[in-house]
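Written below as C-alpha cells is the structure these notes are about.
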Ligand code: AMP
Ligand code: MG
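This is the structure:
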C-alpha cells in the first residue's frame with residue numbers, strides 16, 4: 015500500500031485528501047417488477063371459487079356461519095303492541111287538556127301475563143315494560159309521572175296519545191326480508207333469528223383451510239429452545255385469524271425446510287382443503303422451497319408484491335385448492351393475511367363483500383416512508399374532540415409482533431409517497447375491519 019504525506023492511504027491525487035461531502039440519494043424502492051397491492055387483490059379475486067354446498071343447521075350452531083338463502087320473517091316483532099315503560103296503560107282520550115284527572119286502577123298487565131279484561135274510559139291498568147297493551151288502551155304514562163293513592167291514579171296534562179307504545183312489526187314486519195343471503199351470522203343476527211323463532215337455517219358449508227409453518231428453526235411451544243431456534247408463533251397468529259374468519263381449520267404443524275417434506279405437506283393439504291396457507295420459505299434464501307414446490311405441484315401466479323411488510327408472497331393453485339405462501343416474518347403474516355387472504359376467504363365462504371371502512375386521521379408525528387411499496391404501518395388511532403389522530407407503534411420492522419399487539423389500525427401509505435410530515439392526513443384501516 016502506498017503511504018505518504020501527500021498521497022494519502024489511497025495513493026491517489028492530493029485533492030482526494032479532503033473528503034468530498036457525499037449526499038446519498040433518498041432511499042427509493044421503486045421496482046416496476048413488483049405487483050401492486052390492488053393488482054394482487056384483483057388477481058386473487060379472479061381465482062376464487064365460492065363454496066356452493068349448503069347445509070341445514072340448528073340455530074345454536076349458526077354463529078359465524080354464512081346464510082345461504084334470503085330468509086323472510088315468519089312473524090311480526092314485536093308480535094303484539096306492548097309497553098316501552100313501567101307505568102299505567104290508559105285511553106289517550108282521557109288525557110286532560112289542562113290540570114289533572116283521577117283514573118281508577120282495574121288490574122295489572124305483566125310481561126308474559128297480560129291483563130285479559132277490557133279497559134273503559136276513566137280506568138287504567140298497571141303495566142310493566144314488554145307487557146301487552148290491554149284492550150281499550152293505547153297510551154302509557156310512566157309511573158314516575160303519575161300519582162297513586164291506593165286504587166286511584168292521577169295523571170296530569172302534557173301526555174301524547176300513543177306514547178311509549180311499541181307497535182307490532184315495528185322491528186321486523188312479517189314477510190319482509192329478515193336477513194339476506196351472504197350475511198354472516200354475528201351476535202345481532204343470531205338474536206334476530208331467535209326473535210323469529212327460527213330453529214333451523216340453511217348456511218354454506220364451512221370452507222376448509224389447511225396450514226403449516228415452514229422453518230428448521232421453529233419449535234412448538236412446550237419444547238425447550240436449542241441454540242438458533244425460535245418458537246413457532248405464526249401458527250398461533252394464523253389460527254386466531256382463521257378462527258375469526260369462521261373457517262374449518264386443518265393444522266398440519268411445522269414442516270422442515272426440505273423439498274420433499276414440503277412437497278408431502280402441500281400434497282396432503284391439497285387433498286383435504288379448499289385453501290392452503292403456509293408461512294415462511296417464500297423468499298430468495300437457500301432454504302426457501304415453497305415456491306419451487308408450488309411450481310412442481312400446481313401453478314404460481316405471482317410472488318412479489320409492492321407492499322411493506324410482506325414483499326414475498328406466493329399465490330397459486332394446487333389442483334382446485336387455492337394456495338397462499340405467506341412470508342415468514344410474523345407481522346408480514348398478519349398484514350398479508352388481512353390484505354389478501356381474509357377477503358378471499360370471505361368471498362369463498364359465500365359472504366357478501368363488505369364496503370371497506372377507510373378513515374382519515376392526522377399523523378401526530380413524522381412517519382418515515384421510502385417510496386416504492388405500499389406501507390401498512392402499525393398505528394394507534396385515537397380520537398380527540400371528534401377528530402382522529404394516529405401514531406405509529408414505533409419500530410416498524412416485520413419481525414416486531416409486539417407492535418401489532420399495541421396497534422389498533424394499519425396506517426396505509428401509498429406506494430409512491432415518501433416521508434409523511436406531522437400534521438398531514440393519512441389513511442387508516444381499523445383492525446375492527448378484520449373481525
Ligand atoms: P423466511 O420467510 O422463512 O425466510 O422467514 C423469515 C423470518 O421469519 C425468519 O426470521 C424466520 O425465523 C421467521 N419465521 C418464519 N416462520 C416463523 C414462525 N412460524 N414463527 C415465528 N417466526 C417465523
Ligand atoms: Mg424459513
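Numbering (the working numbering), first residue to last: 15 to 449. Ideal placement from N, C-alpha and C gives every residue a C-beta, glycine not left out.
When the alpha-carbon of residue 438 is set against those of 423, 420, 404 and 106, the nearest one is in 404. In this structure, residue 123 and residue 145 form a Cβ contact; the two beta carbons are roughly 4 Å apart against a cut-off of 8 Å. For residue 250, the enclosing alpha helix (DSSP H) covers residues 248–259. A direct Cα-to-Cα measurement between residue 302 and residue 309 gives close to 13 Å.
Relative to the non-hydrogen atoms of the ligand MG, the Cβ of residue 300 never comes closer than 8 Å to any of them. Non-local beta-carbon contacts of residue 156 in its own chain, meaning distances under 8 Å to residues more than five positions away in sequence, involve 99, 100, 101 and 178 in chain order.
One residue list follows from the rule of a beta carbon closer than 5 Å to any heavy atom of the ligand MG, given in chain order as 229, 294, 295 and 342.
The stretch 124–142 and the stretch 198–214 do not touch, with fewer than three beta-carbon pairs separated by less than 8 Å.
In this structure, DSSP gives residue 156 an extended state, which the three-state scheme calls strand. Within a 10 Å sphere around the beta-carbon of residue 300 sit fewer than 16 other beta-carbons, which makes this residue exposed. DSSP, reduced to helix, strand and coil, places residue 307 within a helical segment of the structure shown. The Cβ-Cβ distance between residue 288 and residue 334 falls below 9 Å. Residue 140: member of the beta strand (DSSP E) spanning 137–141, first to last residue. Taking the Cα of residue 377 as reference, the smallest distance to any Cα among 129, 401, 354 and 358 is reached at 401.
Ranked by Cα distance from residue 91, the options 64, 290 and 190 are led by 190.
Burial check for residue 383: the Cβ neighbour count within 10 Å reaches 16 or more, so the residue is buried. In this structure, 176 is the residue among 222, 176, 352 and 415 with its C-alpha nearest to the C-alpha of residue 106. Between residue 447 and residue 370, the gap from beta carbon to beta carbon is short of 9 Å. For the stretch 377–436, the continuous alpha helix (DSSP H) assignments of 4+ residues that do not extend past its boundaries occur at 415–420, in sequence order. At a Cβ-Cβ threshold of 9 Å, residue 284 and residue 290 count as neighbours. For a cut-off of 8 Å, the C-beta gap from residue 169 to residue 78 is around 49 Å, too long to register as a contact. The secondary-structure analysis by DSSP pairs residue 175 with nothing; it has no beta-bridge partner. For residue 291, the CB stays at least 8 Å from every heavy atom of the ligand AMP. Non-local C-beta neighbours of residue 362 in its own chain, meaning closer than 8 Å and more than five positions away in sequence, comprise 62, 63, 64, 65, 221, 288, 289 and 336, ordered along the chain. Put simply, of 151, 320, 321 and 340 the residue whose alpha carbon is nearest the alpha carbon of residue 328 is 340. With 16 or more other Cβ atoms inside 10 Å of its own Cβ, residue 96 counts as buried. The alpha helix (DSSP H) runs of length 4 or more contained entirely in the stretch 32–59 are, from start to end of the chain, 51–59.
In the DSSP assignment, residue 224 falls outside any alpha helix (DSSP H) and within the unbroken beta strand (DSSP E) covering 222–228. Put simply, of 409, 413 and 445 the residue whose alpha carbon is nearest the alpha carbon of residue 424 is 445. Straight-line measurement puts the Cα of residue 193 at about 42 Å from the Cα of residue 135.
Every beta strand (DSSP E) of 3 residues or more that sits fully in the stretch 86–122 is shown, in chain order, as 101–104.
Within the same chain, 383 and 389 come within 6 Å of residue 427 by CB-CB distance, once the 5 residues on both sides are set aside. A residue is called buried when at least 16 other Cβ atoms come within 10 angstroms of its Cβ; residue 368 does not meet this threshold and is exposed.
One Cα belongs to residue 160, the other to residue 167, and the distance between them is close to 7 Å. When only Cα atoms are considered, residue 86 and residue 286 end up about 35 Å apart.
For the ligand AMP, a non-hydrogen atom lies closer than 8 Å to the CB of residue 248.
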